[in-house]
Ligand SMILES: C[S@@+](CC[C@H](N)C(=O)[O-])C[C@H]1O[C@@H](n2cnc3c(N)ncnc32)[C@H](O)[C@@H]1O
């Protein structure tokens, strides 16, 4: 072995020994000494051993419950070595803890940022979306709101796009007649009323089937759009469904009030995913001001209740390509601005929702 190689190997051995020493100090709970050793090494070389010492200092800081400082240190460690899984995992722990402590002290915007950063580091993180939902959503779960609408409206016919296990379809009760559309339903719960299920994509259903003939004269009084979670698809589903509605029909859209840019991205990169369905609301609000749109922060991802429909309106269909072009590039930041400035966000309590629906319907009847 040459002199240079000998020096390198002995310095690697030294780094290894130091890392092991700090590890064992942490293991026995001597955080003070572990931190002093880390500090003395980092004082000589901040990037020491590709972030290993920054990582250990971050770990110590995390154990000392200084979560925001731990985030800074662990972020530096990750920047030093972006492929190190251990660094990233510990950074997400620090981010979640920092989020929780901000939330506890009432700093909700900061808490939101920490939870969102967690998702940027690990899009499959399970607790981060849950924490965001717990902070941003309130009131009854979306299925409970949908059930209330069924009980109150007693729709003659109910049309559902996206049936999955049947948990939303099971809410319909006699005498409602149901039509469900889903290419791959995985029905797990019983239906309680007369139901026809079409195992195809919604576009194909509207192209190939005669809905009025299936309904045998019944009117679509209620529809739930919860199929493929992309803007264009939900936009087309809305256009198709509206053409079979009457002014007092209620169309309910799922997933239009997202809490973060990762789980509401167009392309699915996260475990929990609501897609870019949300882009349809700014589009409808701008080009169809004749519609009444009420938005409910129902967990987990919001509901939009749309009424005052116009089955004769052809505007959206005629300008479909142009509107898709206009809204598909909308960013999450732009969405937040539109949401804060122009959404008709209604408290998620049935009495309030009912009042708003009634008002929307009587206004158009005047
Ligand atoms: C989120 S799940 C529906 C959940 C259900 N509505 C509920 O609340 O229990 C979405 C469903 O949409 C279906 N889907 C996907 N693409 C579709 C399409 N093009 N047309 C209709 N349904 C579609 C999927 O097969 C999936 O079962």
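Residue numbers (my numbering): 429 to 794. From the three backbone atoms N, C-alpha and C, an ideal C-beta is built for every residue, glycine too.
Rounded to whole angstroms, the separation of the alpha carbons of residue 536 and residue 494 is 18 Å. Counting only residues of its own chain and dropping the five nearest sequence neighbours on each side, residue 745 has a CB closer than 7 Å to the CB of 667.
Under a 10 Å Cβ-count criterion, residue 513 is classified as exposed, with fewer than 16 other Cβ atoms of the shown protein chains found around its own Cβ. Counting along the chain, residue 606 sits inside no alpha helix (DSSP H); it lies in the beta strand (DSSP E) bounded by residues 605-609. Taking C-beta atoms as the reference points, residue 731 and residue 648 fail to come closer than 8 Å. In this structure, residue 656 has its beta carbon less than 7 Å from a heavy atom of ligand 1.
Look at the region 624-683 and you find these whole runs of alpha helix (DSSP H), each 4 residues long or longer: 630-636, 639-643 and 659-670.
Annotation: residue 480 to residue 487 spans about 10 Å, alpha carbon to alpha carbon. When rounded, the separation of the alpha-carbon atoms in residue 752 and residue 506 is 38 Å. Distances between the C-beta of residue 681 and the heavy atoms of ligand 1 are all 7 Å or more. Rounded to the nearest whole angstrom, the CA to CA distance from residue 664 to residue 451 is 57 Å. For residue 790, the secondary structure class from DSSP, reduced to helix, strand or coil, is helix.
Listed in chain order, the non-local C-beta contacts of residue 556 below 6 Å within the same chain comprise 543, 546 and 547, local neighbours out to five positions each way being set aside. Setting aside the 5 residues that flank it on each side, residue 454 is surrounded in the same chain by 462, 484, 487, 488 and 491, each with a C-beta closer than 8 Å to its C-beta; the list follows chain order. Around the Cβ of residue 692, a 10 Å sphere holds 16 or more other Cβ atoms; the residue is buried. Shortest Cα-Cα distance from residue 631 to any of 644, 617 and 611 involves 611.
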